[in-house]
Each structure stands twice: as C-alpha cells, then as structure tokens.
Ligand SMILES: Cc1ncc(COP(=O)(O)O)c(C=O)c1O
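In this note's numbering, the protein residues as written are 2 to 401.
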C-alpha cells in the first residue's frame, strides 16, 4: 500500500474533541454528565438570521460565488469592524472562510514556509500548535503562567522576537483557554515592542472581541500603533459572538496582499462561503444585536458564579477572566493526592477522575500547553452550572 503524505503524520485530532467525545459516550450509556468541556456558545442567533437564510434559500441561485466573499458580506464585515474601532479597511483588505479555524489554517499556509518559526503566548488554543505542525513550522510557545495572569509581558515578547526572529507572532485576545483580556495599556505596550521587530507578521485572533466583561473595551495593535497595519492580520468569526459555530463563517482584515493570498487559497479549495450561509451571516452582522448583548451579560454572571465556586476551594488559583466564556484554574494543588483510591499525578488524571467520579467534563490544561490547569467552559444550560460546580467542589473535598 502506498504511504500517506508525511504531513498527515504530523496532523492530530483535536484534544478538546477527545474529552467531549468521552463525555458524550458516558452520557449515551445513561450517566448524568455535565459538560464544561467544548467551547460552544450554546445559544441560537435571533430569528432574523433564520429568516434571512430561508429567504436566501427561496431564491438560491445554486451557482458558485466569489472566492473572497460577496460584496454585501464584505461590506457587512467592514461595518462590523468599524464599530469595533478598526477603520480604514476596504474590501481589498478582507477575505472570508469556513470559520476562523479555516482562516488561521490558510494564514499558516500563506505566511509560513516549512521550518519558519511561529511564536505565541501559552496557554494557547490547541489548534495553533496543530496547524503549525501540519505546515511544518517551528512553534515556540511563550510560557505565561497563572502567576502572570496568563498574559504575555512586553519584555517576554521583546526577548522572544529578538531570540527566535519568528516569521509570525500569533496573539489571541480575549483568550481561549484563559478568558483573559489585555487592557488598552497592555496592548499598547506589546504594540510598542512589535514596532521594533519589522520582519514579523502579526496575527491577532480576536474572535471573542464582543465578549468582554466589567465594562472593558476591546483594543487592537493597529489602534495602538497604526504603523503595524501593513503586517497585522485581524481574525474574526461569527461562531461565538452570534451563537453560530455550525454555520462556519470566519473573516480576516489586514494587508491587501494577505487578503489576496487567502482569496487565492479559497479559489483552490472551498471556492466560496455558500450563498445561504452568506445571507445568514449578513443578517447576523447587520441585524439587531440584542441576542449577543444579552448573552454577554449572562456569561459575565456565569463567570462570577464559577469564580466564586473556584475561589472557595483551598489551593486552587484562578486569575480573573474578563472575556470569552472560559476559566482556567490552576489545580496543581491536587497533584499527588487520590480520589477514591485513584491517584492523581497530573491534569489528565484529574480530568479523568472527575469525569468518572462526578460526571463533570473539563479539558486538561496540557491540551493548551499548561499542564497545571484545566479549562472550564461555562456555557452549559444555566440550571446545570451550580450542580456542576458543586460536584467540582465535592471532588476537591474528597481528595486525600
Ligand atoms: C481562539 C479561537 N480562535 C479560533 C476559533 C475557531 O473558530 P471558528 O468556529 O470560527 O472556526 C476558536 C474556536 O474555538 C477559538 O477559540
């Protein structure tokens, strides 16, 4: 039998999906499972989105569409990011894809040659490492432990850029898995460092940019230092903000040459974002924003509930997240202990024992490059949150 390409030997299935699959299997076997694992928003967009999709279906042309995205979709996105403070972009600066994951994959293909270096703060979204592996880039995660609020410091960035001379610096704000948000001052301080290293592309994966709490405002490197515009790529998505992960719509805004590269990539695989999906996406971006706004308020209240429960557990350290819908407690105080005779040596043992004993599914931090922690995604139905947190607390109380 002929061999598969070497590239596929480097490709791994998502570690997050593995936990979600195990939880699903246990549930199918009749276990009472509360899932804090997969990062889905767990709400549906407003009815205007479905109406737009139905209308589009009624007059569906059945034809291929534009590789970049329809003008109406590009304009809706441009308007959307202008409201965010990202001004001065035109259709030539943007492109679309099948979710932000697809955009990120195409960016990796477009910006990284084999052996090039990509640096990103760690903890990081698992897919960054997986995509870097597939394109055979050298990934250098920059450790940002709980003691520094899981945030990259300007000195750390400066040193990493000077030492590794990366082709790409990949940033994520607000963060998956930590939920941390960089303040305007913190973004500006990192932008000042980036200006000093002109040979590095900057990808800023900001798909949670509408999901900020405590009155914090979203801010971006380009706003802080406009001269970064010609090498900064902003990544966005409908998935989380609008409760539309399955619709698969992602966007980028950046230099024309990058938008063109992604459009060329589209022309060679997806061809276009489908017509009906495009109509729904435009409706989400330009229609009433009451659903995402209400959900954000709900997520902030849930964040408070989760933090209160975690802070009540002796030894657990949890920097206060201010965005997205994740918390990322350091649970390493449990290592070396046992639960019902099951020894817990690391985050994976912890998550397995928690799932087996209490039916609560979380993702081990090692999936995100931080084996002292685990990720809780708190978008489960509200009635499940308190019991899930209670079981989490009980599990800790029962450790010996
Ligand atoms: C930080 C981050 N970037 C990108 C994505 C991918 O989003 P999409 O559903 O648009 O592919 C996710 C999804 O979990 C994410 O957390």
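Think of the CB as a built atom: it goes at the ideal place given N, C-alpha and C, for glycine as much as any other residue.
Here the structure is a predicted model, which is why all the values come from computation and not from measurement.
**Asked** Near residue 239, what residues of its chain come up, given a Cβ to Cβ distance below 7 Å and the 5 sequence neighbours on each side ignored?
**Response** 245, 248, 250, 282, 285
**Message:** I'd like the list of long-range same chain contacts for residue 28, defined as Cβ closer than 6 Å, with 5 residues on each side in sequence excluded.
**Reply:** 34
**Prompt:** Hey, how far is the Cα of residue 310 from the Cα of residue 393?
**Reply:** 9 Å
**Burial state of residue 173 (16 or more Cβ within 10 Å)** = buried
**Message:** Quick check on the DSSP output: what are the complete alpha helix (DSSP H) runs of length 4 or more inside the region 75-134, in order along the chain?
**Reply:** 100-112
**Asked** In whole angstroms, what is the alpha-carbon distance linking residue 54 and residue 300?
**Response** 27 Å
**Item:** Outcome for residue 2 when other beta-carbon atoms lying within 10 angstroms are tallied against a minimum of 16
**Value:** exposed
**Message:** Which residue marks the beginning of the beta strand (DSSP E) containing residue 400, and which one marks its end?
**Reply:** First-last for residue 400: undefined, no H or E at that position.
**Beta-carbon contacts of residue 278 that lie in its chain and below 8 Å, excluding the five residues immediately before and after** = 54, 248, 249, 250
**Request:** Return helix, strand or coil for residue 260, following the three-state DSSP convention.
**Result:** helix
**Asked** Would you call the region 108-116 and the region 258-266 touching, i.e. three or more CB-CB distances under 8 Å?
**Response** yes
**Prompt:** What are the start and end residues of the alpha helix (DSSP H) that includes residue 9?
**Reply:** 7-11
**Request:** Let me know the secondary structure DSSP gives residue 210 once reduced to three states.
**Result:** coil
**Prompt:** Got a sec? Which residues, its chain only, sit under 6 Å from residue 331 by beta carbon, not counting five neighbours each side?
**Reply:** 147, 318, 373, 374
**Request:** Just the C-alpha distance for residue 213 and residue 367, rounded to the nearest angstrom, thanks.
**Result:** 25 Å
**Asked** Just to check, is the beta-carbon of residue 152 closer than 7 Å to a non-hydrogen atom of ligand 1?
**Response** no
**Message:** Within a Cβ cutoff of 6 Å, which residues of the same chain sit near residue 397, ignoring the five residues on either side of it in sequence?
**Reply:** 314
**Request:** Leaving aside the five residues before and after residue 132 along the sequence, list all residues of the same chain whose C-beta is less than 8 Å from its C-beta, in chain order.
**Result:** 105, 106, 109
**Asked** Residues with a Cβ closer than 6 Å to any heavy atom of ligand 1, in chain order?
**Response** 40, 100, 101, 102, 126, 173, 177, 206, 208, 238, 240, 246, 251
**Prompt:** Can you name, in chain order, every residue of its own chain whose Cβ lies under 6 Å from the Cβ of residue 296, other than the five neighbours on each side?
**Reply:** 44
**Message:** Please report whether the beta-carbon of residue 190 lies at a distance below 8 Å from any beta-carbon of chain D.
**Reply:** Given the protein chain composition of this structure (a single chain), no chain D is represented.
**Asked** Run through DSSP, which three-state label would residue 379 get?
**Response** coil
**Request:** Give a yes or no on whether the C-beta atoms belonging to residue 168 and residue 118 are separated by under 8 Å.
**Result:** yes
**Request:** Leaving out five residues on either side along the sequence, give the residues of the same chain with a beta carbon under 8 Å from the beta carbon of residue 18.
**Result:** 39
**Request:** Measure from the alpha carbon of residue 237 to the alpha carbon of each residue in 254, 84, 304, then state which is nearest.
**Result:** 254
**Request:** Measure the alpha-carbon distance for residue 370 versus residue 268 and round it to whole angstroms.
**Result:** 34 Å
**Message:** Report the start-end ranges of each alpha helix (DSSP H) in the region 315-378 that is 4 residues or longer and not cut off at the edges.
**Reply:** 348-359
**Request:** Taking only the alpha-carbon atoms, compute the straight-line gap between residue 379 and residue 162 and give it to the nearest angstrom.
**Result:** 35 Å
**Item:** Beta-carbon proximity list for residue 271, same chain, < 6 Å, skipping 5 on both sides
**Value:** 99
**Message:** If you follow the alpha helix (DSSP H) that residue 312 is in, where does it begin and where does it stop?
**Reply:** 291-312
**Request:** Report the residue from 216, 334, 219, 226 whose alpha carbon sits nearest the alpha carbon of residue 203.
**Result:** 226
**Message:** Going by DSSP, what residue range makes up the alpha helix (DSSP H) through residue 475?
**Reply:** Nothing about residue 475 can be read from this structure; the chain reaches only from 2 to 401.
**Asked** Taking just the CA atoms, how far does residue 171 sit from residue 195?
**Response** 12 Å
**Request:** From the DSSP output, read off the bridge partner residues of residue 287.
**Result:** Its beta-bridge partners do not exist; DSSP assigns none.
**Prompt:** Taking C-alpha atoms, which residue in 81, 287, 165, 328 lies nearest to residue 305?
**Reply:** 328
**Message:** For residue 124, tell me which candidate among 140, 137, 144 has the shortest Cα-Cα distance.
**Reply:** 144
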